[in-house]
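The next block holds one structure in the form of structure tokens; read it before the comments.
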Amino acid sequence: MTTMSKESALDKFDIYIANVDEFKALNKQKNELREKMAEMQLQFEETIRPYENELNAIIKKLESYLSKIEGGSAPKPTSAKFGRGKLGISIKNLLQANPDKAFKPREIATALQTKGTAVSLWFNKYGNLDPEIDRIPVGEGGKRFVYQIKK
Numbered sequence: 000m001t002t003m004s005k006e007s008a009l010d011k012f013d014i015y016i017a018n019v020d021e022f023k024a025l026n027k028q029k030n031e032l033r034e035k036m037a038e039m040q041l042q043f044e045e046t047i048r049p050y051e052n053e054l055n056a057i058i059k060k061l062e063s064y065l066s067k068i069e070g071g072s073a074p075k076p077t078s079a080k081f082g083r084g085k086l087g088i089s090i091k092n093l094l095q096a097n098p099d100k101a102f103k104p105r106e107i108a109t110a111l112q113t114k115g116t117a118v119s120l121w122f123n124k125y126g127n128l129d130p131e132i133d134r135i136p137v138g139e140g141g142k143r144f145v146y147q148i149k150k
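Using numbering that gives the first Met the number 0, count along the sequence shown one by one with no gaps and you end on 150.
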């Protein structure tokens, strides 16, 4: 009868456990790298945003001057397109910057250079659930609203 020491003979369960530990370590490392990358990307976006805004303003001025030189009318200002989730952040920033003022959706749209319908739709879908925003009914029947940041 041959006896094998327990140390030298690893059964399939021991091998599986060893592989799971290695897998967990690699998964943890992957998640840490993703967090670092997301943080770096946010920092990059925050850093570049003022330059993008300045560049867009300069391009609008150039287009305006070019149309004057060519003899045509100035091009219509285009509405800003907001990425997913960016409209809500911009609306909240505007409301927080002016905590004493209540805004109509049209006023918010003008300030953000976007369409009033986009702002109204955002308020109807997300804004009425937001705990930071007051929805104040105005006018007859309370069908129209103005919005203000909660104090």
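Glycine included, each C-beta is placed from N, C-alpha and C at the ideal position. Note that the coordinates shown come from a computational prediction; the quantities given were computed from them, not determined experimentally.
Reduced DSSP category for residue i - H, G, I as helix; E, B as strand; rest coil
i: proline 136; result: strand
i: threonine 2; result: Residue placement at threonine 2 cannot be trusted, given a pLDDT of 48 that sits under 50; the coordinates are not used to answer.
Residue nearest to residue i in terms of C-alpha spacing, selected from the options
i: proline 136; options: Leu65, Val145, Gly126 and Lys29; result: Val145
i: threonine 109; options: Tyr125, Ile58 and Ile90; result: Ile90
i: glutamate 229; options: Ile14, Ala8 and Lys85; result: The structure shown does not extend to residue 229, since the chain spans only 0 to 150, so no value can be given for it.
i: glutamine 95; options: Ile148, Lys124, Leu54 and Ser66; result: Ile148
i: aspartate 133; options: Lys150, Val118 and Lys60; result: Lys150
i: glycine 87; options: Asn127, Asn30 and Arg143; result: Asn127
i: lysine 142; options: Lys11, Ser119 and Leu41; result: Ser119
Cβ-based neighbour list, residue i, same chain, cut-off 8 Å, excluding 5 preceding and 5 following
i: leucine 93; result: Phe102, Ile107, Ala110 and Leu111
i: threonine 1; result: The predicted model places threonine 1 with a pLDDT of 48, which falls under 50 and marks its position as unreliable; any figure quoted below should be read in that light. Hits under 8 Å: none found.
i: tryptophan 121; result: Leu86, Gly87 and Ile90
Endpoints, the beta strand (DSSP E) within which residue i is located
i: alanine 144; result: The residue asked about is misnamed: residue 144 is phenylalanine in this sequence, not alanine. From DSSP, the beta strand (DSSP E) with phenylalanine 144 extends over 143-148.
Residue span of the alpha helix (DSSP H) that contains residue i, given as start and end
i: aspartate 165; result: Any question about residue 165 goes unanswered here, given that the chain covers just 0 to 150.
i: glycine 84; result: Taken as a continuous stretch (DSSP letters only), glycine 84 belongs to no alpha helix (DSSP H), as it is neither H nor E.
6 Å CB neighbourhood of residue i in its chain, flanking five on each side removed
i: alanine 151; result: Summary: the structure shown does not reach residue 151, with the chain confined to residues 0 through 150, and so no result is reported for it.
**Request:** Please specify which runs of the alpha helix (DSSP H), each continuous and at least 4 residues long, are wholly inside the region 106-130, giving them in chain order.
**Result:** 115-124
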